[in-house]
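Just below is one structure, and these are the notes that go with it.
Residue numbers (my numbering): 281 to 631.
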């Protein structure tokens with residue numbers, strides 16, 4: 281009898297411990313995914329290394345005055361390693377710019393028998409004037425990157441106002457052509473040349489989504505393009521980056537050069553004040569290789585700075601993104617727990 285009692289008691293204690301450990305594991309929250317202040321995250325899955333990479337704007341500086349870019353790597357989208365600074369506009373690495381290192385894009389491209397990496401970014405030119413867009417090149421997703429030596433977007437397109445910032449680059453899986461997008465207050469698109477560091481002026485087009493309000497889809501900045509099941513998806517940010525209302529909207533098109541048809545329910549992700557989540561904007565998107573499984577990578581305002589310079593205290597987060605059967609995007613509910621470990625067979629995901 282005494283032995284049975286000990287067995288029952290021991291089983292109860294063990295079960296309680298296992299249940300507690302299971303719940304503790306379930307309650308682990310991973311948002312934000314990067315330490316410190318970062319914004320405008322660009323995410324890449326590398327066919328070359330089998331890892332994920334995030335390239336953000338370095339944040340936490342008055343007047344968005346960061347000068348450098350760091351890259352973070354991960355094999356599971358939860359545990360991110362800071363691979364260090366790979367480009368500093370205040371150094372001799374970049375001859376044409378002095379600072380305001382903002383809103384990058386990255387493209388992995390198979391060229392001349394190997395993978396090459398093209399990193400696009402905004403900077404403040406030494407000659408003054410408005411922001412410009414440059415590009416640096418590397419043989420590895422973590423660098424070293426060598427700047428091309430000059431800005432590739434210097435003047436505003438004819439007939440628009442705003443800034444030459446928030447670059448995105450998209451390679452069309454249908455045609456194999458690559459396109460560059462940019463603009464604050466407008467969206468310009470042009471086809472890139474094969475060298476990926478210049479573009480065809482005759483192809484430039486303004487495809488800014490028209491209409492909307494600050495409550496739904498009025499275009500501000502941060503266009504991001506991806507392709508799924510025959511449709512091109514265009515995502516962008518609404519309102520000011522310092523506003524709790526800063527959020528992501530979307531539309532679709534049948535060509536990477538537009539036009540963009542705004543979705544009937546265009547809001548992709550927006551603040552959740554009840555959970556003290558604010559300013560969910562400027563995003564990129566990642567598909568898990570070999571699966572119809574998608575995640576949105578975005579920044580939001582650190583809750584402790586909501587009323588104290590919120591536009592320069594932003595943090596990078598990841599949440600799952602789902603599609604309806606008709607291809608429309610379900611609105612994402614931003615979370616504090618974010619993504620659980622994403623594992624897959626790298627050998628089956630490579631080309």
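For each residue, glycine too, the CB sits at the ideal point set by N, CA and C.
For residue 399, the enclosing beta strand (DSSP E) has its first and last residue at 394–405. In the structure shown, residue 572 falls within a coil segment according to DSSP collapsed to helix, strand and coil.
Per the DSSP secondary-structure output, residue 337 pairs in a beta bridge with 319. In this structure, the CA atom of residue 615 is about 27 Å from the CA atom of residue 364. In the three-state reduction of the DSSP assignment, residue 546 falls in the strand class, which pools E and B. 463 is the residue among 463, 472 and 538 whose C-alpha sits nearest the C-alpha of residue 501.
Counting the other Cβ atoms within 10 Å of the Cβ of residue 324 gives 16 or more, which makes it buried. Counting along the chain, the unbroken beta strand (DSSP E) around residue 567 starts and ends at 558–567. With respect to the 7 Å criterion, residue 622 and residue 568 are classified as neighbours on the basis of their beta carbons. Of the residues assessed, residue 582 falls on the buried side of the cut-off, its CB having 16 or more other CB atoms within 10 angstroms. Annotated as distal: residue 398 and residue 515, with beta-carbon spacing of 7 Å or more. When DSSP states are grouped into helix, strand and coil, residue 513 belongs to the strand group. Between the beta-carbon of residue 496 and that of residue 547 there is about 6 Å, and that keeps the pair under the 8 Å contact cut. Remark: three or more beta-carbon pairs, one from each stretch, lie closer than 8 Å, so the region 556–573 and the region 517–525 are flagged as touching. In the displayed model, residue 497 falls within coil according to three-state DSSP, outside both helix and strand. The Cβ neighbour count for residue 411, taken over all protein chains shown within 10 Å, is at least 16; the residue is labelled buried. Around the beta carbon of residue 456, fewer than 16 other beta carbons sit within 10 angstroms, so the residue counts as exposed. Around the C-beta of residue 390, fewer than 16 other C-beta atoms lie within 10 Å, and the residue is accordingly described as exposed.
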